[in-house]
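S.K.: In this note's numbering, the protein residues as written are 44 to 378.
Ideal Cβ positions, reconstructed from N, Cα and C, are used throughout, including at glycine.
The structure under discussion is supplied below as structure tokens; questions concerning it will follow.
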């Protein structure tokens with residue numbers, strides 16, 4: 044039956060999410076008995092400190108959706124010492140009472156279509172729980188503590204999934220050997236990306252001759268202007284990973300007119316010399332598992348090139364210019 048009334052649709056979503064999230068669980072005493080006995084780490088029982096709060100806040104991503112209190116991460120990141128102190132006192136009170144505030148546990152659940160299958164089936168949507176940012180900060184403090192505890196010789200060498208600077212095992216290029224040494228794994232990734240990114244290309248003179256002849260657009264050769272820099276800066280998304288210079292997009296977005304003017308001068312110098320600085324061309328390549336196939340095969344990972352934000356702004360200026368030129372009747376109707 045196709046549900047069209049809002050109340051029916053909300054009831055259906057509630058039924059679906061209750062079924063998915065409230066699965067029965069069992070505790071295996073046999074598995075618990077096999078766990079190693081280690082000395083008690085009394086540091087895990089210390090109240091949260093101001094330094095831990097500041098560190099957890101610094102690791103928050105900007106531009107993320109808020110929880111039920113509608114307070115974004117940027118408020119905490121730019122709230123200053125007084126907010127950090129009050130937040131730490133709140134965390135210490137929760138630890139002392141042994142009770143987490145209900146506001147920190149309540150989640151707003153939203154759904155996103157997986158882009159495959161029938162959109163009208165609940166199972167073809169991914170559920171996302173939006174928690175209050177303050178609760179995320181408290182949870183990250185605990186997570187950092189537990190990670191530091193586990194890394195003190197309690198994890199196997201093969202465990203890389205959530206370890207800092209962990210490197211998961213890979214299969215060799217012929218698929219016969221499992222690589223576990225970090226140097227071998229990094230070398231294999233380098234070989235893979237060289238083969239993927241350095242493919243030979245051919246230029247067809249025949250196809251070039253078939254291109255329509257158009258008047259030269261002198262505007263394409265003008266130096267980048269301040270309005271162009273500001274326009275591209277406004278279109279950059281918050282919360283994106285920075286490049287090798289570690290400067291996030293928020294620095295460019297909130298620094299104001301002076302930075303925009305200096306950035307424009309830099310772009311104009313690049314234009315005049317006809318040479319892009321190497322730092323704007325270098326990329327940090329990371330990989331993401333495609334969630335299908337053998338995780339230890341490089342081909343089942345998607346490579347992502349992380350550029351410095353300054354280089355992205357310059358590239359977007361050029362792309363916008365070319366797009367504006369092509370849209371002046373140079374593209375076929377089917378394009």
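Is it right to say residue 369 is buried, meaning 16 or more other beta carbons lie within 10 angstroms of its own, or is it exposed?
M.R.: Exposed, because fewer than 16 other Cβ atoms sit within 10 Å of the Cβ of residue 369.
S.K.: Taking all protein chains shown into account, do 16 or more other C-beta atoms lie within 10 angstroms of the C-beta of residue 65, making it buried, or fewer, making it exposed?
M.R.: The residue is exposed, with fewer than 16 neighbouring Cβ atoms inside 10 Å.
S.K.: Going along the chain, which residues of its own chain have a beta-carbon closer than 6 angstroms to the beta-carbon of residue 291, five neighbours each way excluded?
M.R.: Within the same chain, residue 291 has close Cβ partners 285.
S.K.: Using only CA atoms, which one of 287, 230, 274 and 281 lies nearest to residue 306?
M.R.: When only C-alpha atoms are compared, the closest one is 274.
S.K.: By the DSSP assignment, the beta strand (DSSP E) with residue 168 in it spans what residues?
M.R.: 168 to 173 is the span of the beta strand (DSSP E), which, as asked, contains residue 168.
S.K.: What number of angstroms, rounded off, separates the C-alpha of residue 333 from the C-alpha of residue 224?
M.R.: Looking at the two C-alpha atoms, the distance is approximately 23 angstroms.
S.K.: From residue 85 to residue 184, what does the alpha carbon distance come to, in whole angstroms?
M.R.: Taking the straight line joining both Cα atoms gives about 16 angstroms.
S.K.: Starting from the Cα of residue 300, find the closest Cα among 61, 316, 270 and 279 and give me that residue.
M.R.: The residue with the shortest Cα to Cα distance from residue 300 is 270.
S.K.: Are the CB atoms of residue 237 and residue 60 within a distance shorter than 8 angstroms?
M.R.: For residue 60 and residue 237, no; Cβs fall outside 8 angstroms.
S.K.: Tell me the start and end of each unbroken beta strand (DSSP E) in the segment 93 to 169 that is at least 3 residues and wholly inside, in chain order.
M.R.: Qualifying beta strand (DSSP E) stretches, in chain order: 151 to 156.
S.K.: Compute the Euclidean distance between the alpha carbons of residue 76 and residue 234, then round it to the nearest angstrom.
M.R.: C-alpha separation (whole angstroms): 44 angstroms.
S.K.: Using the beta-carbon count (16 or more within 10 Å), is residue 351 buried or exposed?
M.R.: Answer is buried; the Cβ neighbour count reaches 16.
S.K.: Could you pull out every residue in the same chain whose Cβ sits closer than 7 angstroms to the Cβ of residue 143, ignoring the five residues on either side in sequence?
M.R.: Cβ neighbours of residue 143 beyond the five flanking positions: 137.
S.K.: Expressed to the nearest angstrom, what Euclidean distance is found between the alpha-carbon atoms of residue 221 and residue 253?
M.R.: Their backbone Cα atoms lie some 50 angstroms apart in a straight line.
S.K.: Do residue 174 and residue 110 have their CB atoms nearer than 8 angstroms?
M.R.: Yes, the Cβ-Cβ distance between residue 174 and residue 110 is below 8 angstroms.
S.K.: Looking at the unbroken beta strand (DSSP E) that takes in residue 315, where does it start and where does it end?
M.R.: Run containing residue 315: none in the beta strand (DSSP E); it sits in the alpha helix (DSSP H), 300 to 316.
S.K.: Report yes if the CB atom of residue 131 is closer than 8 angstroms to the CB atom of residue 91, and no otherwise.
M.R.: Yes, Cβ-Cβ distance for residue 131 and residue 91 is below 8 angstroms.
S.K.: Between the C-alpha atoms of residue 192 and residue 80, what's the straight-line distance to the nearest angstrom?
M.R.: Taking the straight line joining both Cα atoms gives about 14 angstroms.
S.K.: Measure the CB-CB distance between residue 267 and residue 310 and report whether it falls below 8 angstroms.
M.R.: Their beta carbons are under 8 angstroms apart, which means residue 267 touches residue 310 by this criterion.
S.K.: With DSSP as the reference, label residue 367 as helix, strand or coil.
M.R.: Reduced to three states, the DSSP call for residue 367 is helix.
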